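Structure record follows, encoded as structure tokens.
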Amino acid sequence: MSRYWPLLLLPASRFFKDQGSSPTQPFHVLKELQPAPDEWVRIGKPDSSYQFDLHVGVKQGNFAALEKRLLEISDPSHYSYGRYLSADQVNAFVAPADETIAKLHTWLGSHGIGQDQLHYSPAKDWLSISNLTVSVAESLLKTQYHIYRRDGSHVVRSEQWSLPSDVYDIIDTIHPTNAFIGIHAGSTGRPNSLKRPTGSMNDYAKDIPDGLAILNGIDLANPPLDLTPEQACNITAITPLCLRVLYGTLNYTAQATGRNKMALCNFSGEFNNRTDARQFLRTYRPDAAAAADDFAITEIAGGINRQSPSTQEEIDRGDGKEGGLDAQVLLGVGHPTPLVTYTVGGSSPPPAFAPDPSSSAAPANDNEPFLLLINWLLAQADQDLPTVLSISYADTEYTVPRSYARRVCQGFAQLGARGVSVVFGSGDWGVGRPAQCHDRAGRRRFAARFPDSCPYVTSVAATRGVGPSSVVVGFNDENHFVSGGGFSEYFARPAYQERAVSRYLRGLGGRHRGLYNAGGRAYPDVAAMGYRIVTVWNGRTKLVDGTSASAPIFAAVVALLNDARLARGKPPLGFLNPWIYSVGSQEGGGFMDIVNGSTFGCNTTGFPATQGWDAASGFGAPFWLWSPRATALVAPEPLEFHIVAPAANVIEWRDTKFTLEDHIQDLSIYSGAPSPELDRAWHDLLNSQNVRVEAEYFKHHGREKIGVAVPGSSDYIGTLNVFHELHCIKRLHQFIRFTHRVPTNLPLTGRKEHCLDFLRQSAMCHGDIGLITYIWRQDSRLPVVNSTSHQCVNWEKLYGWSRDRAVDMLKPGWLVHPTKGVVYPDGEGDRIGAIDKELDH
């Protein structure tokens, strides 16, 4: 049982002053307390001169607004879908206020920390303080650091930390303090540890003879494109051919490899061995063999790139097995999409830190790799980011400080806003191993998994079986593997999964009540094969189970979908969950529902698979992501946009049907005799005509020097042709009725001719080929015209785009001509669709 002292029991110690401080100095306030888990044993104090880097999560400027934007650009029904943000735009959302940075500098300077020790992320929402000694850190945070040991690993940590009251609200988290984070891979079933434990992954990997998984009579270099799963799959050993047939990618030819890339990351001292990858691909995907030498390896913060033969000690530890599996699966399914691997230091064995109190050497495992990876990626140029990132490592949620988990999760949201799909395996112990089935207070509880519990990532469960009737939630009694799933204790259930999860909970009834947080973010989201996956490690062919195979398999399918989208001028899929829980979850949306199996664990049956979403398999496996309906994801629109226009990405074309009751001669709310209702209709239609446009579009058309800029901004003011067409129609209506005052800045004839010819040009430009029929009606001797269909835009999406960007050009004194002065000194009208005043526009 873990030690735990609730904060409510510490009211007297939560606020205190420095000993000997003056009355004007601020109180220190306890920020966070999280005792070390029982398996971490405190063994002594580090030397006061021991140095390490301290990472400060600075309060972000407006994450709530970024989250709103992320959900909009990830929602297929929103007009902003796929309009991802640039690095600068994301940074603008999260950048702290200038006064926040000033306060930090004052506080740090009072402890003798120089500016040369401070290193900021591009958005300045993370601050790293280099070469900080234990003595200064303890003074800074009013805490005590100690050395902790587990299974041969040693870390320097503090179980609680405090901040002065004047900076308390501008700092979210600090690391290393009380985070005893022990990431582990999803295919290993190993206990958590900053140092990867030895031996136990070998229990998961079973040797098989070379070639056992190759089916007789199939040329793997040129397999028939009409293979069925039964023909392509040996259910005792799953190969890339089987996976490509199962998930419909076998007959897809990549077309946008120059604009697309997939990625994986290695933690815990893992690496990607090219020799093993070459042997695997030559055997099971011959056409991709060259990719073993072509994929890029990026080392971050001391990450490992080991290509030499492994020593016996390294083999006994299982070094490189997880990294090899991830790379081989991604290449085996996702080729020829370029692969980049990120090998991240910070938790790599063997530990360089000797627990000698006289030693001042910094431990190599003192940095938490999620933080290192996220901040490194966010610092990259937009074009250098992958479109999908597969991660096979995670930790038990309750071992991660809540504040730290929140900031890591927000980092994944920032990546999503830039168009990166982040994919995790859901874990290999069902709802938890017996040793994990408790919360921080020691109460019996299912063990949620982080970062799967983060609402901005996609969690992938494991399946076994290849036929629709035989696919179940992944498990293997031989090694106690069970695919994971559950509910977060830290993160509330996001709106995008409310309907699906609520339905599941109603069906679950009172089962397991009190063992999980029914209001938490639920996972997994989807599933993919994770049983008896073939891999090559140290020259030997092995079978591996686990969701760290499922995650890269699913990521590879996403990479190919992104390729198809990019080839057709569409953006990549980005943050997947809003699409999965809306379009993807519908019948024919691309996923095969898994209805058999369960995430048993903690001496329970766990969460069962059921019809629809469930906490065992999510919405199921991507068996039909290339089905006719699902290919709407990648299919070209009826009309392709080749012009550079700010609203091009929101255009969605529809075949709009007209019935016999829709007569061209009939009047609408926009025609007829003048009336307040007619004025209101035209006002509402045109009130969002003038919009804010990014400078890049004016530069493209060579008008940045003469364009009308938004005051105080780098943006410009423009409108769309469709609104000018509507404006002309409104004017012609006024000429016909002649009851409103007609603008006089042009002669009457010139104004009418302008509108008439502009509408002629537009009609000939659009070339609407929808059929209009002539029909007979009893109330008319003459033939009556009646439309059948139009190729129409989704007006709601287009108008929503314009409404959200609308600017009021007519505000008093707002718009100023460069040489002629204020344009509208009296603020004539209400935007362009004025009701009470007729304007010369």
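According to full-length UniProt numbering, the sequence shown is numbered sequentially starting from 1.
Note that CB positions come from ideal geometry on N, CA and C, so glycine has one too.
Just so we're clear, the structure is a prediction, and the values are computed from it rather than from any experiment.
Quick one, which of the options has its alpha-carbon nearest residue i's?
i, options, result
"residue 495", "578, 507 and 414", "578"
"residue 68", "93, 56, 58 and 88", "93"
"residue 502", "612, 477 and 598", "612"
"residue 650", "591, 118 and 794", "794"
"residue 815", "728, 734, 791 and 713", "713"
"residue 162", "28, 119 and 97", "28"
"residue 274", "266, 262, 284 and 289", "289"
"residue 407", "785, 821, 63 and 811", "63"
"residue 683", "295, 727 and 171", "727"
"residue 466", "43, 572, 245 and 671", "245"
"residue 491", "369, 510 and 516", "516"
"residue 266", "421, 808 and 326", "326"
"residue 247", "225, 785, 111 and 263", "225"
"residue 43", "100, 110 and 158", "158"
"residue 242", "251, 232 and 250", "232"
"residue 33", "401, 122, 424 and 442", "401"
"residue 773", "802, 812, 767 and 786", "786"
"residue 805", "504, 677, 718 and 38", "718"
Would residue i pass as a contact of residue j if the rule is Cβ separation under 7 Å?
i, j, result
"residue 90", "residue 462", "no"
"residue 146", "residue 45", "yes"
"residue 493", "residue 513", "no"
"residue 762", "residue 725", "yes"
"residue 372", "residue 300", "yes"
"residue 397", "residue 453", "yes"
"residue 412", "residue 456", "yes"
"residue 117", "residue 130", "yes"
"residue 919", "residue 557", "Lying before the first or after the last residue shown, residue 919 is absent from the chain, which here runs from 1 to 841."
"residue 139", "residue 175", "no"
"residue 240", "residue 284", "yes"
"residue 52", "residue 399", "no"
"residue 286", "residue 220", "yes"
"residue 58", "residue 127", "yes"
"residue 531", "residue 464", "yes"
"residue 96", "residue 124", "yes"
"residue 533", "residue 238", "yes"
If you follow the beta strand (DSSP E) that residue i is part of, which residue opens it and which one closes it?
i, result
"residue 162", "160-164"
"residue 266", "262-266"
"residue 299", "296-300"
"residue 234", "Run containing residue 234: none; DSSP gives neither H nor E here."
"residue 797", "Note, residue 797: premise wrong, no beta strand (DSSP E); alpha helix (DSSP H) at 795-805."
"residue 239", "No beta strand (DSSP E) contains residue 239, which DSSP labels as neither H nor E."
"residue 408", "Counting along the chain, residue 408 falls outside any beta strand (DSSP E), though it belongs to the alpha helix (DSSP H) covering 402-417."
"residue 786", "780-787"
"residue 487", "486-492"
"residue 29", "28-33"
"residue 717", "716-718"
"residue 438", "Element bounds for residue 438: n/a, residue is neither H nor E."
"residue 684", "Element bounds for residue 684: not the beta strand (DSSP E) but the alpha helix (DSSP H), 676-686."
In the DSSP assignment, the alpha helix (DSSP H) including residue i goes from what residue to what residue?
i, result
"residue 107", "98-109"
"residue 560", "547-567"
"residue 122", "Run containing residue 122: none; DSSP gives neither H nor E here."
"residue 174", "Per DSSP, residue 174 belongs to no alpha helix (DSSP H); it is in the beta strand (DSSP E), 171-175."
"residue 280", "274-284"
"residue 316", "312-317"
"residue 63", "63-73"
"residue 736", "721-737"
Comparing the CB of residue i with every heavy atom of the ligand ATP, is any distance shorter than 6 Å?
i, result
"residue 716", "Here there are no bound small molecules, and the ligand ATP is not part of this structure."
With a cut-off of 8 Å on the beta carbons, I'd call residue i and residue j a contact; round off their distance for me.
i, j, result
"residue 141", "residue 173", "Not confirmed; about 12 Å, so no contact."
"residue 170", "residue 574", "Actually they do not touch by this definition, with Cβ atoms about 30 Å apart."
"residue 458", "residue 423", "5 Å"
"residue 791", "residue 821", "Wrong, their Cβ atoms sit about 46 Å apart, outside the cutoff."
- Within the chosen definition, does the segment 613-622 reach the segment 480-491 through at least 3 CB pairs nearer than 8 Å? Between the segment 613-622 and the segment 480-491 there are three or more C-beta pairs closer than 8 Å, enough to call the two in contact.
- Item | Touch test, the segment 303-323 against the segment 537-550, Cβ-Cβ under 8 Å, three pairs minimum | Contact annotation: the segment 303-323 touches the segment 537-550, with at least three C-beta pairs closer than 8 Å.
- Item | Contact the segment 99-116 vs the segment 78-89: 3+ CB pairs below 8 Å | With a cut-off of 8 Å, the segment 78-89 and the segment 99-116 do not count as touching, because too few Cβ pairs lie within range.
- On the three-pair Cβ rule with 8 Å, is the segment 575-595 touching the segment 62-78? A contact exists between the segment 575-595 and the segment 62-78.
- Item | Cβ contact (3+ pairs, closer than 8 Å) linking the segment 263-280 and the segment 388-395 | Touching, per the Cβ criterion.
- Contact the segment 47-65 vs the segment 558-575: 3+ CB pairs below 8 Å: The way I'd put it, the segment 47-65 doesn't touch the segment 558-575; fewer than three beta-carbon pairs between them come closer than 8 Å.
- Query: Using 8 Å as the Cβ pair cut-off and three pairs as the minimum, do the segment 551-558 and the segment 465-485 touch?
  - Reply: Per the Cβ contact rule, the segment 551-558 is not in contact with the segment 465-485 (fewer than 3 Cβ pairs under 8 Å).
- Task: Assess, as a yes-or-no matter, whether the segment 414-434 is touched by the segment 582-590 under the definition of 3 or more beta carbon pairs within less than 8 Å.
- Result: They do not touch, by the three-pair rule.
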